[in-house]
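Given below as structure tokens:
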């Protein structure tokens, strides 16, 4: 347990310091956020805030894990998947900054990159025998998907990274929710005997909190797609390695809710011409309803912690 806690503290310190150093560089180079015109009008004041701060994760996360951990295929895959997704996000952010627009890579290009990562992840963890092709369903047992597990790996990876990206729409929201979700997954990992994965999740908590220090309302820096895709990739990889793909939906329910709000909004508008929410993702719905942004963020944190604690109780009960 000592190594696990040290990994979290190391990740926090590396990220906290790294953001300070990167922030100065981003300000000097004028690497700033381009705010979308179709977003809440209150967000227009954020234009010019330094972005791509998530680049710190690409160094801090693996450094903390490698310095404190005992190595092995699990932590290595955890770090590589985070790094690979972070690089896709970095390219996306760079296009936004270079062309001074609010949109970077096209969605199909991101998905193509993530499909390659999913294939590599499947090829390594499955074909090398580190993880089986069975999908564990809480309280019901396991079902062997065979080659269909590759589709599940892609869906978990692409779904999680994009869910974190959608949640990263308010100061401190994504980093705070990620810290809570990773905390409970880390506790679940430790309880199941996945001690090195518990260390990885604790390091993920550390980088999230280290960034939240600077990203809390009002944010001094944004993580950009570099950060959101890296964090989402790490979260997905950890769940896949522990056979907790379904549990990830429960522990990461805020990310799921944010994504569902976007999907439902699009379906409703395409089929009926009407919108269910004032704006999606869901956090914008509450914001446009008059709730201050910072209050929406804190309430999402609280809801995430309460639901996470309940999910951990359910997870522990099925172990006994």
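Residue numbers (the numbering used here): 201 to 520.
Ideal Cβ placement from N, Cα and C applies to all residues, glycine included.
- Task: In the DSSP assignment, find the alpha helix (DSSP H) that holds residue 438 and state where it starts and stops.
- Result: As a first step, residue 438 must be located in the chain shown, where it is residue number 238. Note, residue 438: alpha helix (DSSP H), 424-441.
- Task: Taking residue 525 as part of the beta strand (DSSP E), name the residues at either end of that continuous run.
- Result: With the chain running from 201 to 520 in the structure shown, residue 525 is simply not present.
- Query: Straight-line CA distance for residue 498 to residue 265?
  - Reply: As a first step, residue 498 is located in the chain shown; it is residue number 298 there, counting from the start. As a first step, residue 265 is located in the chain shown; it is residue number 65 there, counting from the start. Going by the C-alpha atoms only, they are around 29 Å apart.
- Item | Under the three-state DSSP convention, the category residue 337 falls into | Your numbering for residue 337 matches position 137 in the chain shown. In this structure, residue 337 counts as strand in the three-state DSSP scheme.
- Item | Assigned exposure category for residue 407 - 16 Cβ within 10 Å defines buried | To locate residue 407, count along the chain shown from 1; it is residue 207. Buried, since its Cβ has 16 or more Cβ neighbours within 10 Å.
- Task: Within the same chain, show all residues whose beta-carbon is closer than 7 Å to that of residue 373, passing over the 5 residues directly before and after it, in chain order.
- Result: In the chain shown, counting from the first residue as 1, residue 373 sits at position 173. Only residues of its own chain outside the window of five on either side were considered, and among them 367, 483, 497, 500 have a CB closer than 7 Å to the CB of residue 373, listed in chain order.
- Query: For residue 293, is the classification buried or exposed, using 16 other Cβ atoms within 10 angstroms of its Cβ as the cut-off for buried?
  - Reply: Against the chain shown, residue 293 aligns to sequence position 93. Taking every protein chain shown into account, the CB of residue 293 has 16 or more other CB atoms within 10 angstroms, so this residue is buried.
- Query: What runs of the alpha helix (DSSP H), each 4 residues or longer, lie entirely inside the region 256-280?
  - Reply: Restricting attention to alpha helix (DSSP H) runs no shorter than 4 residues, the region 256-280 encloses them at 257-268, ordered along the chain.
- Message: My assumption, with CB atoms under 8 Å, is that residue 371 sits in contact with residue 417. Please give the rounded CB distance.
- Response: Taking the chain shown and counting its residues from 1, the one referred to as residue 371 is at position 171. Taking the chain shown and counting its residues from 1, the one referred to as residue 417 is at position 217. Right, their Cβ atoms sit about 4 Å apart.
- Compare the Cα-Cα distances from residue 395 to each of 322, 431, 268, 223 and report the closest residue. For the purposes of this step, residue 395 is taken as residue 195 along the chain shown, with counting starting at 1. Ranking the options by Cα distance to residue 395, first place goes to 268.
- Message: Can you find the residues in the same chain that come closer than 7 Å, C-beta to C-beta, to residue 403, ignoring five residues on each side of it along the sequence?
- Response: Counting from one through the chain shown, the residue named residue 403 turns up at place 203. A distance below 7 Å between beta-carbons, with the five flanking residues on each side excluded, links residue 403 to the following residues of its chain, in chain order: 207, 208, 211, 261, 264, 265.
- Item | Nearest-angstrom Cα separation, counted from residue 228 out to residue 444 | Locating residue 444 in the chain shown gives position 244, where the first residue counts as 1. Locating residue 228 in the chain shown gives position 28, where the first residue counts as 1. Residue 444 and residue 228: Cα-Cα distance of roughly 43 Å.
- Just how far apart, CA to CA, sit residue 283 and residue 430? To locate residue 283, count along the chain shown from 1; it is residue 83. To locate residue 430, count along the chain shown from 1; it is residue 230. For residue 283 and residue 430, the distance between alpha carbons rounds to 6 Å.
- Task: Mind the definition here: the region 377-389 touches the region 465-476 only if three or more C-beta pairs lie below 8 Å; say whether that holds.
- Result: The region 377-389 makes no contact with the region 465-476: fewer than 3 CB pairs, one atom from each, lie closer than 8 Å.
- To the nearest angstrom, report how far apart residue 427 and residue 410 are at their CA atoms. Counted from its first residue, the chain shown places residue 427 at position 227. Counted from its first residue, the chain shown places residue 410 at position 210. Roughly 12 Å separates the two Cα atoms.
- What do you reckon, is the C-beta of residue 438 under 7 Å from a heavy atom of the ligand NAP? In the structure shown, the ligand NAP is absent, as is every other ligand, since no ligand is present at all.
- Message: Does residue 247 come out as helix, strand or coil in the three-state DSSP assignment?
- Response: Counted from its first residue, the chain shown places residue 247 at position 47. Residue 247: coil per DSSP, three-state reduction.
- Task: Determine the direct distance from the alpha carbon of residue 495 to that of residue 222, and round the result to whole angstroms.
- Result: Position 22 of the chain shown, counted from the first residue, corresponds to residue 222. Position 295 of the chain shown, counted from the first residue, corresponds to residue 495. Answer to the nearest angstrom: the Cα atoms are 28 Å apart.
- Could you please give me the residues that DSSP links to residue 375 through a beta bridge? Within the chain shown, residue 375 is the residue found at index 175, counting from 1. Beta-bridge pairing by DSSP links residue 375 to no other residue.
- Please list, in chain order, all residues of the same chain as residue 448 whose beta carbon is under 8 Å from its beta carbon, the five residues on each side excluded. Stepping through the chain shown from its first residue, residue 448 is reached at position 248. Excluding residues within five positions, the ones whose Cβ falls inside 8 Å are 356, 360, 385, 435, 436, 439.
- Message: I need the DSSP call for residue 517, collapsed to helix, strand or coil.
- Response: Your numbering for residue 517 matches position 317 in the chain shown. Residue 517 falls in the helix class under three-state DSSP.
- Query: Nearest-angstrom Cα distance between residue 217 and residue 469?
  - Reply: Reading the chain shown from its first residue, position 17 is the one you call residue 217. Reading the chain shown from its first residue, position 269 is the one you call residue 469. So the two alpha carbons sit approximately 44 Å from each other.
- How would you label residue 518, buried or exposed, when you count the other beta carbons within 10 angstroms and need 16 or more for buried? Here residue 518 is taken as the residue at index 318 of the chain shown, counted from 1. Its Cβ having fewer than 16 others within 10 Å, residue 518 is exposed.
- Three-pair Cβ contact test at 8 Å for the region 272-289 versus the region 249-260: Touching, yes, given that three or more Cβ pairs across the two stretches are closer than 8 Å.
- Among 252, 276, 220, which residue has its Cα nearest to the Cα of residue 401? Position 201 of the chain shown, counted from the start, is the residue given in the question as residue 401. Of all alpha-carbon atoms in 252, 276, 220, the one lying nearest the alpha-carbon of residue 401 is that of 276.
- What's the C-alpha gap between residue 516 and residue 392? By 1-based counting over the chain shown, the position of residue 516 is 316. By 1-based counting over the chain shown, the position of residue 392 is 192. Distance between the alpha carbons of residue 516 and residue 392: 9 Å.
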